Each structure stands twice: as structure tokens, then as C-alpha cells.
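Asks: For the record, the sequence lines run as chains A and B.
The first sequence begins at 35 in our numbering and counts up one residue at a time.
The second sequence begins at 35 in our numbering and counts up one residue at a time.
Glycine is no exception: its CB is placed at the ideal position from the N, C-alpha and C atoms.
Remember, it's a predicted structure, so these values are computed and weren't measured experimentally.
Protein chains: 2
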Amino acid sequence: MEGKPQVERWDVFELQLEGPSEGNPFCDVQLAAVFALEHRELRIDGFYDGEGRFLVRFMPDEIGAWRYVTESNCDDLDGVQGGFECVAPGEGNHGPVSVRDGYHFRHADGWPHYSVGTTCYAWAHQRQALRLETLRTLSEAPFNKLRMCVFPKWYPYNQREPELHAFEPDGEGGWDYARLHPAYFQGLDACIEALMGLGIEADLILFHPYDKWGYAEMGAETDAFFLRYVVARFAAYRNVWWSMANEFDLMKKSMTDWDRIGRLVHQLDPYGHPRSIHNCRGFYDHAKAWVTHASVQHSDLERVGEWRHTYGKPVVVDECRYEGDIPRRWGNISARELTHRFWEAFARGGYAGHGETYLKPSGDLWWSHGGVLHGDSPARIAFLREVMEQGEGGGWEPVDGIVPHGYACVAKSEGQYLVYMGLAQPSELDLHLSEDKSWTIELLNPWEMAGKTLHCELSGKQTVKLPGRPYLALRIVAQD
Amino acid sequence: MEGKPQVERWDVFELQLEGPSEGNPFCDVQLAAVFALEHRELRIDGFYDGEGRFLVRFMPDEIGAWRYVTESNCDDLDGVQGGFECVAPGEGNHGPVSVRDGYHFRHADGWPHYSVGTTCYAWAHQRQALRLETLRTLSEAPFNKLRMCVFPKWYPYNQREPELHAFEPDGEGGWDYARLHPAYFQGLDACIEALMGLGIEADLILFHPYDKWGYAEMGAETDAFFLRYVVARFAAYRNVWWSMANEFDLMKKSMTDWDRIGRLVHQLDPYGHPRSIHNCRGFYDHAKAWVTHASVQHSDLERVGEWRHTYGKPVVVDECRYEGDIPRRWGNISARELTHRFWEAFARGGYAGHGETYLKPSGDLWWSHGGVLHGDSPARIAFLREVMEQGEGGGWEPVDGIVPHGYACVAKSEGQYLVYMGLAQPSELDLHLSEDKSWTIELLNPWEMAGKTLHCELSGKQTVKLPGRPYLALRIVAQD
Numbered sequence: 035m036e037g038k039p040q041v042e043r044w045d046v047f048e049l050q051l052e053g054p055s056e057g058n059p060f061c062d063v064q065l066a067a068v069f070a071l072e073h074r075e076l077r078i079d080g081f082y083d084g085e086g087r088f089l090v091r092f093m094p095d096e097i098g099a100w101r102y103v104t105e106s107n108c109d110d111l112d113g114v115q116g117g118f119e120c121v122a123p124g125e126g127n128h129g130p131v132s133v134r135d136g137y138h139f140r141h142a143d144g145w146p147h148y149s150v151g152t153t154c155y156a157w158a159h160q161r162q163a164l165r166l167e168t169l170r171t172l173s174e175a176p177f178n179k180l181r182m183c184v185f186p187k188w189y190p191y192n193q194r195e196p197e198l199h200a201f202e203p204d205g206e207g208g209w210d211y212a213r214l215h216p217a218y219f220q221g222l223d224a225c226i227e228a229l230m231g232l233g234i235e236a237d238l239i240l241f242h243p244y245d246k247w248g249y250a251e252m253g254a255e256t257d258a259f260f261l262r263y264v265v266a267r268f269a270a271y272r273n274v275w276w277s278m279a280n281e282f283d284l285m286k287k288s289m290t291d292w293d294r295i296g297r298l299v300h301q302l303d304p305y306g307h308p309r310s311i312h313n314c315r316g317f318y319d320h321a322k323a324w325v326t327h328a329s330v331q332h333s334d335l336e337r338v339g340e341w342r343h344t345y346g347k348p349v350v351v352d353e354c355r356y357e358g359d360i361p362r363r364w365g366n367i368s369a370r371e372l373t374h375r376f377w378e379a380f381a382r383g384g385y386a387g388h389g390e391t392y393l394k395p396s397g398d399l400w401w402s403h404g405g406v407l408h409g410d411s412p413a414r415i416a417f418l419r420e421v422m423e424q425g426e427g428g429g430w431e432p433v434d435g436i437v438p439h440g441y442a443c444v445a446k447s448e449g450q451y452l453v454y455m456g457l458a459q460p461s462e463l464d465l466h467l468s469e470d471k472s473w474t475i476e477l478l479n480p481w482e483m484a485g486k487t488l489h490c491e492l493s494g495k496q497t498v499k500l501p502g503r504p505y506l507a508l509r510i511v512a513q514d
Numbered sequence: 035m036e037g038k039p040q041v042e043r044w045d046v047f048e049l050q051l052e053g054p055s056e057g058n059p060f061c062d063v064q065l066a067a068v069f070a071l072e073h074r075e076l077r078i079d080g081f082y083d084g085e086g087r088f089l090v091r092f093m094p095d096e097i098g099a100w101r102y103v104t105e106s107n108c109d110d111l112d113g114v115q116g117g118f119e120c121v122a123p124g125e126g127n128h129g130p131v132s133v134r135d136g137y138h139f140r141h142a143d144g145w146p147h148y149s150v151g152t153t154c155y156a157w158a159h160q161r162q163a164l165r166l167e168t169l170r171t172l173s174e175a176p177f178n179k180l181r182m183c184v185f186p187k188w189y190p191y192n193q194r195e196p197e198l199h200a201f202e203p204d205g206e207g208g209w210d211y212a213r214l215h216p217a218y219f220q221g222l223d224a225c226i227e228a229l230m231g232l233g234i235e236a237d238l239i240l241f242h243p244y245d246k247w248g249y250a251e252m253g254a255e256t257d258a259f260f261l262r263y264v265v266a267r268f269a270a271y272r273n274v275w276w277s278m279a280n281e282f283d284l285m286k287k288s289m290t291d292w293d294r295i296g297r298l299v300h301q302l303d304p305y306g307h308p309r310s311i312h313n314c315r316g317f318y319d320h321a322k323a324w325v326t327h328a329s330v331q332h333s334d335l336e337r338v339g340e341w342r343h344t345y346g347k348p349v350v351v352d353e354c355r356y357e358g359d360i361p362r363r364w365g366n367i368s369a370r371e372l373t374h375r376f377w378e379a380f381a382r383g384g385y386a387g388h389g390e391t392y393l394k395p396s397g398d399l400w401w402s403h404g405g406v407l408h409g410d411s412p413a414r415i416a417f418l419r420e421v422m423e424q425g426e427g428g429g430w431e432p433v434d435g436i437v438p439h440g441y442a443c444v445a446k447s448e449g450q451y452l453v454y455m456g457l458a459q460p461s462e463l464d465l466h467l468s469e470d471k472s473w474t475i476e477l478l479n480p481w482e483m484a485g486k487t488l489h490c491e492l493s494g495k496q497t498v499k500l501p502g503r504p505y506l507a508l509r510i511v512a513q514d
């Protein structure tokens, strides 16, 4: 007797079955499997992968002996039973990310996720050599989330026809919206898996307006058909996030459409991956129940606190303009400015996102194609990520009372504070430190990626001398 | 027979009369003079200057032989007649400033006033040596407007008791609010006159909250008594502007009080000097009839266009944080940042204001005491002023269509454009130049105070290469 297959907790168990390929298996065949561990059951939708191949993907969230049985309207696929052994996760597998502590994120095993995202909208639709270069770059970059489009992109600097498309041609120059093209989605599988291997969350953008093929205007029924397929196919990857749209307000969908799409994804996803929607101008109402966190496009990071208060959820400023040199103003801020914006968001209890848009002879811009990074902000973002991760505790929460005059200050615990002074260049600053601890004050230079201890063993109300230069931070830590 | 006195157009004609000093001449004696040129008459209030001396000050606005006759309830002061010859203004005398072209300012002779203001709130209440130092500094500085308080100031860094006070003591530790102290106002006369000699507008702040003596809470009747005196005394100085308050919203006055104060000053001032009111948080409604221009405290200069639209009046961001290094965030931005803010305001059709708050051993901070300037922004503001003043025409008005993608662009005429790129660092930019002219494109570096010609004889749609660095501007001028 063969041993049962083993699957790591939060890895993908994939059940592959042979079934009919005639007719339209996407529409005609229903398939699900009920996975059970002791008395707990989860019903997971399957999907058609082409060539008579049907898949059910499942992410087990508990260690133990799982059993399954399939349900289908097709006899070949119905009543198939089996099981697998879910074992402890390997190194680097912390499970899926979800919202914790109101405004922050953690992996399922408790490991904090300090969101440090980047943007490569169309990287999955580029030639293989470029995709591999993107992954090599990411393997050395500080980013732990990547925004990417499920559909291909047509936009200035993005005018290459993708090799594959999401639907089969209808023979009349359009698409058969009842027949998906499995090879297209297999390519996305590979991209998501590769990111998972690098410990990077794949923030999947389900709709976007930068389209010339018709994906942006498929109608409600096709949208739902597409979403069911995408969620059935990708949800078992622990690193998936759902972004209903990029710049939703530039699309020809009503607010009712967006509400329906968001609720549908919420309902379909058995694992509760993070869900949001990204704006161009006005924000979506992120207070709505299906939204797990606010995905924001905005340049004024000083408003992060206001948005936390408005929505009561984590604030991820996925787009705050990109480091680059293109003519468009959303894509030509300096590395210094983007570094400043990351710190500003962090020091107000939120998270900023990176993108890069340098004009290079290759025509590849990181923000869309991936490839290599040319800018100076990623190294600084790596430094910030180290600062975020240092010390015990979870999310850095805004606190008052340590530094007067309204400086942005966050705390990870009662013994760890971080003050970011941004544009301010005080030559001295008052600190109101608690008297029952002894504190070390360190001056951090986010651009130079350096720290310098200013004082040890301070306590109570103190005035500290500072260099009188902008863009500096203070780390204030209680000594043991 | 002696010749009639001669007075320059827009200078002060001062009529001095001897009258009673017993009783309370401030309240008991009414005095005015009717000044006439041909068939035109203006009725000008006089005021008591102490020691039995009564003054009527008048700023003639037309060349010619003016006559006057006084009116008073006091026989000694009633029916006094005379005249003077108003002659052409001397060099540097361009007359009072008023709003022109909707969003800009000009002197009465048509000379444009590009507002480049600074702030020395309490300079007039400092010791004489420091006042003289302030004037020496101003004589070499680029500023053409100075915000200054009529009342003394009590605030952090401002805790010196002034030598003189505006009212006489009441003998019980308070003030006799029916008796002004003429020596106090004579000191202000000298300050305003000195600024006039330097070509600097005196933006007189009539009320402010930084007070420990009671001036901030005198009550409506005393406020009106004070305003009548101040307007009668100072309005004949051509360089006077009226600011009803600094940070009006921090004072214990209602909106009704401010409306009444603004309307009263509007009604009392025979010359229509510029009038506004400065906020801390929320703006006053500058659309109200008595307001001539929006005096704004705000840090986001990208919103200047919005405020122009809202109020339909010139926008002067008198306070956008100061160059300095004090702990408070309104007083510690860098010279680079303040320079950036001046350009940002200018390139959106408005005007920014300067202040400086460096901690120095002397304890004198320019923003309040005057003295010497330590910062690096004034030289850059001088460069900007040169740019503003270059070429024919009046105010720089926002224009669309020359540079796509929403860059801030203003034009002085159809042949002179200025683009400020601010945080953006494009390595190339499209220009849509009219084809019926030949254009020179100059790259300006506001921090280096330098210009470099990039192209001559350009026409039509063009893409120009740029250095890919932030904080640069383009000057685009049609060749003759």
C-alpha cells in the first residue's frame, strides 16, 4: 500500500481528474470536492484545465489526515475519494496573510507582514526571458507584495501584443467568452507559484481599464464566469490577494457593479484572502464589508491617519507616484521622494507601495514589464523594511504624547518608538519618555541607510539636539 | 507770499493743528478735513497725537492744487483752510497697491507688484538697534511685503515685554481702553515710513491671539475705537495693507465679529488698501465683499489653483511653513523646501510668503524679531522675483495646453511661459508650441539660481530632453 501524499500546511494539494473534453467543459461540467478534517468540512470548487483535465486545488490550513470526496454532474468526476497528510510547513512558509490588530497584516502562523509592495502590472504577459529576469530581480529586492494584472495591458509604453489570451477566439475577430484559454492561466499559475517561492504576495488585479481587447467591458455575466474560474484556480495559493480593479473609477462599470464583484469574490474565496480595490481619483468606500483593507492611490501620505480613521482598516497606499523619469507626473518622482513617502506612510500607521518608470533603451519599465530595477529607492526600502521588522511585536501604531508638536510617531510596543521628521529639520526636539524605563535614542538616516546612537540611558522629559537637516528619523528603544 | 507746500502724488500730506489736551481728546474731539481737487472731495478723519496735537493725514492720488477745510466739534480745530500742490511722484514711488487682472496686484501707476512677502511679526516692538538691523537686512533682501503686528506679541521665543504699550495704564494694572498711547503709534509710523522708503508693503496685522495683555479680548466697542484710530493714522501711507488678524480662528471672536471688523475697515479706509485675514486651520470665506485677496496659511501649494477658483481673488499663501530649525513643525522646513513652495505657488497663479525661524544664541528669530537673515531661501526668492519681473505684462496666469500631463504652467503674455516641474523629474517632455512663433526654451534651476538655453527657434509640437532631476523649471519665450 502506497503512503498517502504529504502536503505542507498552507501549500497546495491538487487533485487531477480526467473527464470529458467535448462540448464546453467550462460551462457544462460542475465539479467540487468536499475536504474534511475530523468533523470540519470545506467545499472547494474545481475548474477545467483543458484537454479533458479537471483540477481541484485546496490549501489545507490544519495539520492532520484530510479526506476528500468529489461532487460532479459528470459521472467520471463524481464520488472520487481520497486523502492526504497535511504536515508542518517548511521554512519560509508562514501561511496566508490576513488583517490583524485592526490596521496591520500577519501570516497565519503569526509572522508579521509589513507590506512593502511593488508594481509590475504586466510582467506575467511578457516573454519568458523577461519573466525570469523579473524573478531574479525580485529575489534580491525588498518587496513582499507585487501588484499584477490578470488580463494583459494596453497603455503607453505597453503596446506589445501578449503571446496568449485569456479567452478562445470566436473566429470572427472577437472572443468566445464562454471558453477560457487554459494555457493563459497556466502561465499565471507559474508566476504566482514563483512569487510564492520568493515569499512575495501576488496582489492580483482582476479588472483594469488599460485594454484594447474587450476584457474591460465583458458584461456582468462574463465577469462572474471569469471570477469563478479565477478564484477556483488561484485561491489555493497562499500568497494571493484580490484587487478588484486598478483605477476602478476609470472603467465603464457602475458602483453597483463593483459592489457585486467585490461581494462575489468575498463569497467565492474559501480562504478569505485580502481584498480591496484601487482608485484613480475618488476612493472606493473601503468601509464596505467585503473590503479587508484600503488600497489607495494618493500622493499625500500625511493623510494616512485620516484614512485609517475613515475606514477602520489597514491603509496600503499602493500608488503614491513612481520613481522614474517619464513625462507623466505619476511616474517621475525621485528615489529620495519615494523613500520619503514610504517613511511618511509607515510613521502614520500605513504602508506605501513602490513602482519604477525609467525610460530605458530596452523599452522595459519595471512598473509594467518587470525586468531589472534602475532606481535608488529599493535599497532604501530594504532599510525601512529592516527597521519595521526589528524588535518584538506586530504593527506599528500611531501614538501621541512621546513627541509634542505633531511629529509622526508610531510604536510597536511600549518600549519601541519610531519618529519620522520628514520635511522638518528641527535642531532640537522635546521627548516625553516614561520615567520607569531607560531609553536609547538613535538617529536614523533613511537615505544614507545608517543609524547613529545619540543618547543612552535617557528617561523622563528631555530635549535632544539634532542635526537640523530634513528627512531624518528617531528610533527610541527601552533598554532591557 | 510763501509758495504752497508741495507733496508727491501718493505721499503723505500731514496737517498738524493745536487743540485741547484736557479731558479725553481721543473721545471728546471729532476732527476731519475735506480735501478737494477741482470738483472732487474726500472726507478724511483726523486723530489725536498727544500733547494737544491733532493730525489729519492725506494721500493725494492726483496731481494738482488740492484745497482742504477742517470740520470739528472743537472751535480751535474747525474751519481751518489751506492747500498744497500735489506734484509728480519721485523715483520708486509707484503709489499704493491694489488688485488687478483678477488674481494679481499692481501699483497705482501700473507697475506690477509680484508679491514676495516675509514675516517679522513683532519687529516694530523691538529695541531701536534691532529695528535698524532689520531695516538694513530688508534693504538687501528680495521682499516687497512684510507682515507685522500692530499689537505686541507674547508667544514662545517672544517673551520680552515691549517698551511701550498701545493704551494708557488705568492705574489698576489694566488699560484705559479710552486712551491710546500716541508714542506707541508714533513708533509704528516710523516703521511703516521706513518700509515705504524701501519699497516694502506693510501688511499690518490688526489683531492676533498671541497676547497676555488683553488686546485680544477688548470687546467690540474698543475694537472699533482702536480700528478708527489705526485707519485714520496709517491709511495715508501708500504701502499699508490691512490684515484683520493672524490666525483669526484661534481668537475668541465670532465669525460675526470678524465680518464686522472687516467691513468697518473697508468702510473707514478712503484709499481701498488691500484687506484680508489669515487663518490657522480653516480659511475665512475670502469670497466675502470686504476681502480683496485670500491670505492663506497652508502647506499644500498645489492647491493654489483651487483657491483661486473658490474665491475669485488673488491668493497669497502668507504662511506655508518657515525656513528654520525650531521644534515646531510650522517653523522648520529647509531652504530648499521653501524655495520649492514659492515656485509651486507662482506656477499656479499665486504667491507664497517667507519667514525664518532659526534658533540662534541672540534669541532673535527673523519671523518675529527681525534682525539678520541666516537662511538660504532669500537669495533663491530674489532669483524667482527676477523671473517674475522679466518681460512685459502683468500677472502670470495659469494656462493649459502648452505642456500636457498637468504640469504647472503660467503665462505672462502669449509669448512668455513658465513651467515649474517641482517634484517631477522627467527626462523628456512634450511641448505644444504655437507654430506662428519661434521659441527659445531655457532650463531654470531655482536652487542654483541659474538658467541654461536648451533650444532656440523651436516651433510646433516638440519633445525636449531634460536632465531627469527634480525642482527644475522651463522658461519658454517667443523670439522677436
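Which residues in chain B sit within 7 Å of A/Leu463, going by Cβ to Cβ distance?
Replies: Reading the first sequence from its first residue, position 429 is the one you call residue 463 of chain A. Under the 7 Å cutoff, chain B gives Pro361.
Asks: Beta-carbon of A/Ile367 versus every beta-carbon of chain B: anything under 8 Å?
Replies: In the first sequence, the residue the question calls residue 367 of chain A occupies position 333. Output row for A/Ile367: interface = yes.
Asks: Quick one: list the residues of chain A neighbouring B/His439, beta-carbon separation under 8 Å, in chain order.
Replies: In the second sequence, counting from the first residue as 1, residue 439 of chain B sits at position 405. Simply Pro361, Arg362 and Arg363.
Asks: Run through DSSP, which three-state label would A/Gly98 get?
Replies: Position 64 of the first sequence, counted from the start, is the residue given in the question as residue 98 of chain A. Looking at A/Gly98 - three-state DSSP - the assignment turns out to be strand.
Asks: Give the secondary structure of B/Gly365 by DSSP, where H, G and I count as helix, E and B as strand, and everything else as coil.
Replies: Here residue 365 of chain B corresponds to residue number 331 of the second sequence, with the count starting at 1. Helix at B/Gly365.
Asks: For A/Gly502, which residues in the same chain have their Cβ closer than 8 Å to its Cβ, ignoring the five residues on either side in sequence?
Replies: Sequence index remark: in the first sequence, residue 502 of chain A carries index 468 (1-based). Answer for A/Gly502: Gln459, Pro460 and Ser461, listed in chain order.
Asks: Within the 8 Å Cβ cut-off, does B/Leu508 reach chain A?
Replies: Here residue 508 of chain B is taken as the residue at index 474 of the second sequence, counted from 1. With 8 Å as the cut-off, B/Leu508 does not count as an interface residue toward chain A.
Asks: May I ask you to list the residues that DSSP assigns as paired with B/Gly80?
Replies: The residue you call residue 80 of chain B lines up with position 46 of the second sequence. Note: B/Gly80 sits in a beta bridge opposite B/Val90.
Asks: Hey, would you say A/Tyr305 sits closer than 8 Å to A/Ala258, going by beta carbons?
Replies: Stepping through the first sequence from its first residue, residue 305 of chain A is reached at position 271. Stepping through the first sequence from its first residue, residue 258 of chain A is reached at position 224. No, Cβ-Cβ distance for A/Tyr305 and A/Ala258 is not below 8 Å.
Asks: Distance check for B/Ser493 and B/Glu469, CA to CA, integer angstroms please.
Replies: Locating residue 469 of chain B in the second sequence gives position 435, where the first residue counts as 1. Locating residue 493 of chain B in the second sequence gives position 459, where the first residue counts as 1. Between B/Glu469 and B/Ser493, the C-alpha separation is close to 5 Å.
Asks: Any Cβ of chain A within less than 8 Å of the Cβ of B/Val498?
Replies: Numbered from its first residue, the second sequence carries residue 498 of chain B at position 464. Not one chain A Cβ lies under 8 Å of B/Val498.
Asks: State the start and end residues of the unbroken alpha helix (DSSP H) segment that holds B/Phe417.
Replies: Against the second sequence, residue 417 of chain B aligns to sequence position 383. Segment Ser411 to Glu423, the alpha helix (DSSP H) holding B/Phe417.
Asks: Count the other CB atoms, across all protein chains shown, that sit within 10 Å of the CB of B/Arg161; report buried if there are 16 or more and exposed otherwise.
Replies: Within the second sequence, numbered from 1, the residue matching residue 161 of chain B stands at position 127. Exposed.
Asks: Does DSSP classify A/Ala70 as helix, strand or coil?
Replies: Walking along the first sequence from the start, residue 70 of chain A turns up at place 36. It is a strand residue.
Asks: Excluding the five sequence neighbours on either side, which residues of its own chain have a C-beta within less than 8 Å of the C-beta of A/Ala379, listed in chain order?
Replies: Your numbering for residue 379 of chain A matches position 345 in the first sequence. Closer than 8 Å at the Cβ level, and outside the excluded window around A/Ala379, lie Leu335, Val338, Val349, Val351, Cys354, Tyr385 and Ala386.
Asks: Take A/Val433 and list the residues in its own chain whose beta-carbon comes closer than 8 Å to its own, dropping the five residues that flank it on each side.
Replies: For the purposes of this step, residue 433 of chain A is identified with residue 399 of the first sequence, where counting begins at 1. Cys443, Val444, Ala445 and Tyr451, listed in sequence order.
Asks: Could you compute how far the alpha carbon of A/Pro54 sits from the alpha carbon of A/Ala66?
Replies: Taking the first sequence and counting its residues from 1, one reaches residue 54 of chain A at position 20. Taking the first sequence and counting its residues from 1, one reaches residue 66 of chain A at position 32. Rounded to the nearest angstrom, the two C-alpha atoms are 16 Å apart.
Asks: Which residues mark the beginning and the end of the alpha helix (DSSP H) in which B/Gln402 is found?
Replies: The residue labelled residue 402 of chain B in the question sits at position 368 within the second sequence. Note that residue 402 of chain B is Ser in the sequence shown here, rather than Gln. Start and end: Trp400 to His403.
Asks: Under three-state DSSP, which class holds B/Pro203?
Replies: Here residue 203 of chain B refers to the residue found at position 169 of the second sequence. It is a strand residue.
Asks: How about A/Gly296 and A/Arg309: do their beta carbons lie closer than 8 Å?
Replies: To locate residue 296 of chain A, count along the first sequence from 1; it is residue 262. To locate residue 309 of chain A, count along the first sequence from 1; it is residue 275. Yes, Cβ-Cβ distance for A/Gly296 and A/Arg309 is below 8 Å.
Asks: Let's test the definition: count the other Cβ atoms within 10 Å of the Cβ of B/Met35 and tell me whether it reaches 16, buried, or not, exposed.
Replies: Counting from 1 along the second sequence, the entry for residue 35 of chain B is found at position 1. Only weak support exists for where B/Met35 lies, its pLDDT of 46 falling under 50; the value from the coordinates is given anyway. B/Met35 comes out exposed.
Asks: Report the residue ranges of all beta strand (DSSP E) runs contained in full by the segment 216 to 304 of chain A; include only those spanning at least 3 residues, in chain order.
Replies: For the segment 216 to 304 of chain A, whole beta strand (DSSP E) runs of length 3 or above, ordered along the chain, are 235 to 241 and 274 to 279.
Asks: Do we get a CB-CB distance below 8 Å when we pair A/Pro130 with the residues of chain B?
Replies: As a first step, residue 130 of chain A is located in the first sequence; it is residue number 96 there, counting from the start. Chain B contact via Cβ: absent.
Asks: Around the C-beta of A/Lys179, are 16 or more other C-beta atoms found within 10 angstroms, so that it is buried, or is it exposed?
Replies: Start at 1 with the first residue of the first sequence, and residue 179 of chain A comes out as number 145. Label assigned to A/Lys179: buried.
Asks: In chain A, what lies closer than 7 Å to B/Gly502 by C-beta?
Replies: By one-based count along the second sequence, residue 502 of chain B stands at place 468. What B/Gly502 touches in chain A: Asp359.
Asks: Using DSSP bridges, identify the partner residues of B/Asp210.
Replies: On the second sequence, position 176 is the one that residue 210 of chain B refers to. B/Glu202.
Asks: Given B/Ile234, which residues of its chain have a CB within under 7 Å of its CB, disregarding the five upstream and five downstream residues?
Replies: Residue 234 of chain B sits at position 200 when you count from the first residue of the second sequence. Contacts found: Leu172, Phe177, Asn178, Lys179, Leu180 and Asn273.
Asks: By DSSP, does B/Thr171 sit in helix, in strand, or in coil?
Replies: By 1-based counting over the second sequence, the position of residue 171 of chain B is 137. Three-state DSSP puts B/Thr171 in a helix.
Asks: For A/Leu393 and chain B, any beta-carbon pair shorter than 8 Å?
Replies: In the first sequence, the residue the question calls residue 393 of chain A occupies position 359. Closer than 8 Å: yes.
Asks: Roughly how many angstroms separate the alpha carbons of B/Leu457 and B/His489, rounded to a whole number?
Replies: Within the second sequence, residue 457 of chain B is the residue found at index 423, counting from 1. Within the second sequence, residue 489 of chain B is the residue found at index 455, counting from 1. Near 23 Å, if we compare the C-alpha coordinates of B/His489 and B/Leu457.
Asks: With C-beta atoms as the reference, is A/Val90 less than 8 Å away from A/Gly80?
Replies: Within the first sequence, residue 90 of chain A is the residue found at index 56, counting from 1. Within the first sequence, residue 80 of chain A is the residue found at index 46, counting from 1. Their beta carbons are under 8 Å apart, which means A/Val90 touches A/Gly80 by this criterion.
Asks: Taking the continuous alpha helix (DSSP H) assigned at B/Glu340, which residues delimit it?
Replies: The residue labelled residue 340 of chain B in the question sits at position 306 within the second sequence. Residues Val338 to Tyr345.
Asks: Look at the Cβ atom of A/Ala279, then the Cβ atom of A/Leu240, and state whether they are nearer than 8 Å.
Replies: Residue 279 of chain A sits at position 245 when you count from the first residue of the first sequence. Residue 240 of chain A sits at position 206 when you count from the first residue of the first sequence. Contact: yes.
Asks: For A/Glu340 and B/Leu298, what's the separation of their Cα atoms in angstroms?
Replies: The residue you call residue 340 of chain A lines up with position 306 of the first sequence. The residue you call residue 298 of chain B lines up with position 264 of the second sequence. C-alpha separation (whole angstroms): 39 Å.
Asks: Under a three-way DSSP split, which group does B/Cys61 fall into?
Replies: Here the question's residue 61 of chain B lines up with position 27 in the second sequence. Note: B/Cys61 maps to helix in three-state DSSP.
Asks: Beta carbon of B/Val453, beta carbon of B/Val437: below 8 Å?
Replies: One-based indexing of the second sequence puts residue 453 of chain B at position 419. One-based indexing of the second sequence puts residue 437 of chain B at position 403. Taking 8 Å as the Cβ cut-off, B/Val453 and B/Val437 qualify as a contacting pair.
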